[in-house]
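Right, one structure below, let's go through it.
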Ligand SMILES: Nc1ncnc2c1ncn2[C@@H]1O[C@H](COP(=O)(O)OP(=O)(O)OP(=O)(O)O)[C@@H](O)[C@H]1O
Ligand SMILES: [Mg+2]
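Protein chains in written order, with my numbering: chain A, 589 to 856; chain B, 377 to 620.
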């Protein structure tokens, strides 16, 4: 891979075609977004629609600039980001370890199964009032809800990944005299890496749902709080701005996971 | 010559919720040192069970498996190389499992890899190798712990016909070269005839021995054997026995 390979003319043409197609797709993507923003902006400024209700790109930009100047933007973003990331890490970490335990012991697995099924089906938000009473109304409660929403999904996804380990490879390791611990370390964990990555991706979404829902219920700061507050005082510019910021943050977090994926499973 | 493996009236029953399966019944045979034994039997008759019993991964429900403390190397239908490890790391896997990752052992494995044409692939991942090369790597991995007896469970059946013939030839040569005892399980009669010193025919499930034949070829190379006149006679005989 070090020296540059020699390609035939035909292959170069093919590569160029591939590149051109990629560029075209990207260009259209950007164009669609730009068109959407322009139509939105025009519709609002020409008053085809009521800009008070639909807001507009320029109003959103102004609103974000305003938040930024008041010095609140950073604090709100940081609050939500912190709750999301902490909730995400705890859900993923605890979920992974629990799944390992369940993989290890068939008895535990059998015992836990009905609980997992019920907890998975339960809309976690129903526990809201209880959580407020148990943990209070601060960031802690929001992290708690975030963990609750992500945890069961993390456990089920990871357990699935562990259980899908190739039986023949297990047999092979056993024939070499491997202990269960060695089977776990040498085979089950590395072979479930793709499942781990897809679990991370799913849990990014779960964590945002958890933190925003949590903020709807109890918070005094954060992006979810801005959305609720904006709705209550009918400042829809604020709601739209908060949603926009949320989009950006979620995309960045997803991109980080995608980067991790690239680094970790480049050889398969 | 010394016996390295002996089955004495071995029975094996599997218990599941659906019921009891008798996979092996009153099975008796023995394998001598450096012998290459082919075992043929209809599919699902209990061949894999037989190898697991031989390797001590299963304990028989009845009877006795004696393997006099010899060590086994297992080779499966697919190469089962770990895709996240380089070929070199795959070859070292048995050493890691047995905590015998000494420089000396590593050097021995690398020497085997070099001797059998894997040197240029050591730093590659398995996905970069052809099916035949991968199976060869799997064999070297099996040889890493220098086992006395190789247990081969249809090791070529996942390969296409052309590759199968040549890989079979290679693997056979390596096993003879390294002077190993081997137990090859296959449902391919011609494959068994082309490599084995002795062929054991198994019945339908539950598996038991229906016939044993010592092959008397003068040449030992699989591809040469296939050209021998006696080959088709053996094939017909075994075909009839297998389908009796
Ligand atoms: N772990 C197990 N639990 C229950 N039944 C089993 C188990 N392993 C194998 N069996 C049953 O035992 C019988 C023999 O299986 P085995 O895998 O030994 O046959 P085989 O000759 O290797 O088959 P194949 O030709 O498909 O490789 C089959 O009927 C199978 O369903
Ligand atoms: Mg089998």
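For glycine and all other residues, C-beta sits at the position ideal for the given N, C-alpha and C.
- Here residue 588/B is bridged, per DSSP, to 576/B.
- Within the model, the alpha-carbon separation for residue 591/B versus residue 412/B is close to 11 Å.
- Residue 395/B carries a strand assignment under DSSP once its states are collapsed to helix, strand and coil.
- Of the residues assessed, residue 540/B falls on the buried side of the cut-off, its CB having 16 or more other CB atoms within 10 angstroms.
- Between residue 391/B and residue 682/A, the alpha-carbon positions lie close to 36 Å from each other.
- Taking a contact to require three or more Cβ pairs closer than 8 Å, the stretch 459-469 of chain B and the stretch 482-501 of chain B qualify as touching.
- A check of alpha carbon separations from residue 656/A across 723/A, 830/A and 786/A identifies 830/A as the nearest.
- Note that the C-beta distance between residue 552/B and residue 481/B is not below 8 Å.
- Close CB contacts of residue 531/B within its chain, under the 6 Å cut and outside five residues either way in sequence, are with 451 (chain order).
- Annotated as distal: residue 417/B and residue 558/B, with beta-carbon spacing of 8 Å or more.
- Shortest Cα-Cα distance from residue 751/A to any of 724/A, 726/A, 738/A and 781/A involves 781/A.
- The Cβ neighbour count for residue 662/A, taken over all protein chains shown within 10 Å, is under 16; the residue is labelled exposed.
- The beta-carbon of residue 450/B is placed less than 8 Å from the nearest beta-carbon of chain A.
- Residue 424/B has its CB nearer than 7 Å to a heavy atom of ligand 1.
- Neighbourhood of residue 772/A in chain B, by CB distance below 7 Å: empty, with the nearest CB roughly 12 Å away.
- No heavy atom of ligand 1 is found nearer than 7 Å to the CB of residue 725/A.
- Following the DSSP letters along the chain, one finds residue 559/B inside the beta strand (DSSP E) bounded by residues 557-562.
- Counting only unbroken stretches of 4 or more residues, the alpha helix (DSSP H) elements lying wholly within the stretch 479-513 of chain B are 479-491, in sequence order.
- The residue from 595/A, 719/A, 772/A and 851/A with its alpha-carbon nearest to that of residue 473/B is 772/A.
- DSSP, read as helix, strand or coil, puts residue 452/B in coil.
- Three or more pairs of CB atoms, one per stretch, sit closer than 8 Å, so the stretch 781-793 of chain A contacts the stretch 734-743 of chain A.
- For residue 529/B, the Cβ falls inside the 7 Å cut-off from some heavy atom of ligand 2.
- The nearest non-hydrogen atom of ligand 1 is 7 Å or more from the C-beta of residue 387/B.
- For residue 833/A, there is no enclosing beta strand (DSSP E); the residue is part of the alpha helix (DSSP H) that begins and ends at 824-852.
- Excluding five sequence positions before and after residue 389/B, the CB atoms of its chain that fall closer than 8 Å to its own CB belong to 396, 397, 398, 399 and 437, given in chain order.
- Counted as a single uninterrupted DSSP element, the stretch harbouring residue 439/B is not any alpha helix (DSSP H) but the beta strand (DSSP E) occupying residues 438-442.
- The alpha carbon of residue 516/B has as its nearest neighbour, out of 536/B, 505/B and 487/B, the alpha carbon of 487/B.
- C-alpha of residue 680/A to C-alpha of residue 803/A: approximately 21 Å in a straight line.
- When DSSP states are grouped into helix, strand and coil, residue 817/A belongs to the helix group.
- Within chain A, no C-beta atom comes nearer than 9 Å to that of residue 531/B; the closest sits roughly 12 Å away.
- Spatial neighbours of residue 459/B in its own chain (CB-CB distance under 7 Å, excluding positions within 5 residues in sequence) are listed in chain order as 501, 502 and 503.
- By the C-beta density criterion, residue 443/B is buried, having at least 16 other C-beta atoms within 10 angstroms.
- A Cβ-Cβ contact shorter than 8 Å links residue 841/A with residue 792/A.
- Following the DSSP letters along the chain, one finds residue 634/A in no beta strand (DSSP E), marked with neither H nor E.
- Think of a sphere of 7 Å around the beta carbon of residue 761/A: the chain B residues whose beta carbon falls inside it are 473, in chain order.
- Of all residues in the stretch 735-756 of chain A, the ones placed with a Cβ closer than 7 Å to any Cβ belonging to chain B are 756, in chain order.
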